[in-house]
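In the working numbering, the protein residues as written are 1321 to 1757. C-beta atoms are modelled at their ideal positions from N, C-alpha and C, and glycine is treated no differently. These numbers were taken from a predicted model, which means no experiment stands behind them. Contents: one structure, followed by commentary.
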Amino acid sequence: MAPQNFKVIIVGSGPIGIVTAHALSKSNIDYVVFEKGAEVAPTNGSGHMIFPNTLRFLDQIGILPQVASAGKEVYTKSNFLKDGTTHGEIDLGQLCLDNHGYKPIYFQRSHLIQALYDALPVEDKSKIKTSTKVTNIEVTETGVRVTLADGKVEEGSIIIGCDGIYSQTRQTALDLANAAGKGKKLDGLPYKSVIRSYVFRRDWPTPDKDRCLMWETRSGGLAAQGFAQKESLIVALFEHLDVPKEGYSRFSEEEKEAFKKRFVDIHLNESLTVGDVMENDKINWDFFADQEEGKSDIVQYGGRIVLAGDSVHKITPISGLGLNMGVQQSIALVNRLNGVLSTNQSPSSATLEEAFKLFEKDCAKTLAKTLELNTILGDGVTWANWPAWFIDRVAAPWIGLKFIVTKFYSKDILRHGFVLNSLPKDGLKQGQVAWVS
Ligand SMILES: Cc1cc2nc3c(=O)[nH]c(=O)nc-3n(C[C@H](O)[C@H](O)[C@H](O)COP(=O)(O)OP(=O)(O)OC[C@H]3O[C@@H](n4cnc5c(N)ncnc54)[C@H](O)[C@@H]3O)c2cc1C
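Written out as structure tokens, the structure reads:
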């Protein structure tokens, strides 16, 4: 039975906000989503690789075919040196199919978010309120109260902060914890940048329109990734920073152009260089920024505020795991909420706090493994230091990419993917690496 008076306020309709909405909807838990942007899925944005752990959840809630049709299956990942020499290739799609029963899918970001939104039940769509910025959050004895930019006030039982890296919800939780003398006192952002990146998207006549090709080039301190899918090409250029940087960086146009120039001769694949495809007049979206990495010291406050997605961790794009990790958090969180609400429809703050602590524990190991892998990949692909060069250039080809992906992605991370405990798991696909949950 659906709890009568329990209502979740989600801040942010990024991918994690919408996935959380799906999980709550399937659990018959009432919710509302406040999104400050004018649209659910603005057309700016790069691309996201969605791995089998996320796809299995979409399969469980019955929306996989609809969402999948907005992206393209990934097949080969081809590695290169900067002169275009081949440095290994793996059929990533086939390997994930063999290991887990699902091929990864690459989406243009706006297509993914739009498809997730479109797949919500019709009656839920009105629960996503765009152009509605949350400006203030208060915790009361029995719930939460948020103030919106237009001055309106909304009450709920809990807040899930899915409001991204500069999360106001996280800041409120921190301020409240600091004021109450709980938790560690923190100044500013908890994440540090280790990678600087320029990412762009342009139209591209992809030779194979049904699948996504992935290219990855390594070079001293620099790396490039290319995703050719549907009619567009998304390229990400990375530089490893010598010293991790704190805080938000702003760059001038000159700095951006100087950064881009350093990549023009680097090959994206055997025949194309970055310079061949980085034509300013053909680029329809780009983004130059430092990419933060790390996890927040605070995951919840007082059983009333809890965080998921980039608001609570930040994983650079190199491993393609940030969003996938956020999805895991959404599902784990809703499982814990379901557990509480199945026996008590008006849980106290203390009961919710206990449930949120368990949620944090549920995700801790996978998050630690994900951050660890992301650091290794970031160092490895940019040849950030001599050990990283040795691992990428010598050890990895010797060990074999299939073994590495199976060990570090499939076994350490993907197999631990959550699905909703309240729904059946029958019929979900399996591969050679058995799902843990
Ligand atoms: C170039 C690039 C490539 C990437 N590729 C991958 C990949 O291949 N695979 C992968 O798993 N991950 C990838 N990631 C990471 C992924 O983009 C993030 O992990 C993901 O977007 C996080 O989603 P989110 O919903 O937590 O936050 P966001 O996407 O940041 O969404 C937060 C939302 O909250 C809204 N908001 C913020 N404050 C408020 C407020 N006060 N009131 C109301 N609304 C508010 C914002 O407008 C926004 O819509 C990539 C990241 C980058 C930068």
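Reduced DSSP category for residue i - H, G, I as helix; E, B as strand; rest coil
{"i": "residue 1552", "result": "strand"}
{"i": "residue 1426", "result": "strand"}
{"i": "residue 1746", "result": "coil"}
{"i": "residue 1568", "result": "coil"}
{"i": "residue 1583", "result": "coil"}
{"i": "residue 1662", "result": "coil"}
{"i": "residue 1534", "result": "strand"}
{"i": "residue 1508", "result": "Low per-residue confidence applies at residue 1508: pLDDT is 49, beneath 50, and the placement is therefore not dependable, though the value from the model is reported in the following sentence. Residue state, collapsed to three classes: coil."}
{"i": "residue 1526", "result": "coil"}
{"i": "residue 1492", "result": "helix"}
{"i": "residue 1545", "result": "strand"}
Beta-carbon contacts of residue i that lie in its chain and below 8 angstroms, excluding the five residues immediately before and after
{"i": "residue 1682", "result": "1652, 1655, 1656, 1738"}
{"i": "residue 1508", "result": "The predicted position of residue 1508 is uncertain, since its pLDDT is 49 and thus under 50; a value taken from the coordinates is nonetheless stated next. Excluding sequence neighbours, residue 1508 sits near 1566, 1567."}
{"i": "residue 1603", "result": "1520, 1521, 1522"}
{"i": "residue 1400", "result": "1406, 1407, 1535, 1536, 1537, 1538, 1587, 1588, 1589, 1590"}
{"i": "residue 1403", "result": "1587"}
{"i": "residue 1748", "result": "1376, 1379, 1380, 1421, 1739, 1755"}
{"i": "residue 1745", "result": "1380, 1739"}
Which listed residue (the options) has its alpha carbon closest to that of residue i
{"i": "residue 1673", "options": "1624, 1353, 1708, 1714", "result": "1624"}
{"i": "residue 1756", "options": "1730, 1743, 1711", "result": "1730"}
{"i": "residue 1469", "options": "1461, 1733, 1450, 1561", "result": "1450"}
{"i": "residue 1489", "options": "1404, 1413, 1372, 1627", "result": "1627"}
{"i": "residue 1457", "options": "1704, 1422, 1493", "result": "1493"}
{"i": "residue 1335", "options": "1428, 1403, 1379, 1419", "result": "1428"}
{"i": "residue 1530", "options": "1476, 1747, 1392", "result": "1392"}
{"i": "residue 1435", "options": "1715, 1597, 1360", "result": "1360"}
{"i": "residue 1513", "options": "1696, 1634, 1541, 1422", "result": "1634"}
{"i": "residue 1340", "options": "1357, 1372, 1500, 1479", "result": "1479"}
{"i": "residue 1640", "options": "1472, 1374, 1342", "result": "1374"}
{"i": "residue 1370", "options": "1385, 1632, 1423, 1676", "result": "1423"}
{"i": "residue 1382", "options": "1362, 1367, 1473, 1342", "result": "1342"}
Closer than 7 angstroms: residue i CB and nearest ligand 1 heavy atom
{"i": "residue 1368", "result": "yes"}
{"i": "residue 1641", "result": "yes"}
{"i": "residue 1577", "result": "no"}
{"i": "residue 1689", "result": "no"}
{"i": "residue 1572", "result": "no"}
{"i": "residue 1532", "result": "no"}
{"i": "residue 1491", "result": "no"}
{"i": "residue 1483", "result": "yes"}
{"i": "residue 1424", "result": "no"}
{"i": "residue 1287", "result": "Residue 1287 is absent from the model: the chain starts at 1321 and stops at 1757."}
{"i": "residue 1637", "result": "yes"}
{"i": "residue 1732", "result": "no"}
{"i": "residue 1488", "result": "yes"}
{"i": "residue 1556", "result": "yes"}
{"i": "residue 1630", "result": "yes"}
{"i": "residue 1501", "result": "no"}
{"i": "residue 1331", "result": "yes"}
{"i": "residue 1335", "result": "yes"}
{"i": "residue 1463", "result": "no"}
{"i": "residue 1454", "result": "yes"}
{"i": "residue 1364", "result": "no"}
{"i": "residue 1655", "result": "no"}
{"i": "residue 1519", "result": "yes"}
Beta-carbon contacts of residue i that lie in its chain and below 6 angstroms, excluding the five residues immediately before and after
{"i": "residue 1496", "result": "1621"}
{"i": "residue 1555", "result": "1520, 1546"}
{"i": "residue 1337", "result": "1330, 1353, 1482"}
{"i": "residue 1761", "result": "The chain is shown only over 1321 to 1757; residue 1761 falls outside these bounds and no answer can be derived."}
{"i": "residue 1630", "result": "1484, 1485"}
{"i": "residue 1689", "result": "1732, 1733"}
Residue i, enclosing beta strand (DSSP E) - first and last residue
{"i": "residue 1466", "result": "1464-1468"}
{"i": "residue 1327", "result": "1327-1331"}
{"i": "residue 1516", "result": "1512-1523"}
{"i": "residue 1389", "result": "Element bounds for residue 1389: n/a, residue is neither H nor E."}
{"i": "residue 1604", "result": "1603-1615"}
{"i": "residue 1626", "result": "1625-1627"}
{"i": "residue 1371", "result": "Taken as a continuous stretch (DSSP letters only), residue 1371 belongs to no beta strand (DSSP E), as it is neither H nor E."}
{"i": "residue 1354", "result": "1350-1354"}
{"i": "residue 1381", "result": "Looking at the DSSP string, residue 1381 is not in any beta strand (DSSP E), and its letter there is neither H nor E."}
{"i": "residue 1597", "result": "Run containing residue 1597: none in the beta strand (DSSP E); it sits in the alpha helix (DSSP H), 1594-1597."}
Close-in-space but distant-in-sequence residues of the same chain around residue i (CB under 7 angstroms, 5 per side omitted)
{"i": "residue 1593", "result": "1584, 1585, 1586, 1587"}
{"i": "residue 1742", "result": "1347, 1658"}
{"i": "residue 1454", "result": "1331, 1354, 1466, 1468, 1488"}
Residue span of the alpha helix (DSSP H) that contains residue i, given as start and end
{"i": "residue 1481", "result": "Careful: residue 1481 lies outside any alpha helix (DSSP H), inside the beta strand (DSSP E) at 1478-1481."}
{"i": "residue 1414", "result": "1412-1420"}
{"i": "residue 1673", "result": "1669-1702"}
{"i": "residue 1443", "result": "1442-1445"}
{"i": "residue 1340", "result": "1335-1346"}
{"i": "residue 1457", "result": "Taken as a continuous stretch (DSSP letters only), residue 1457 belongs to no alpha helix (DSSP H), being part of the beta strand (DSSP E) at 1454-1459."}
{"i": "residue 1724", "result": "1721-1724"}
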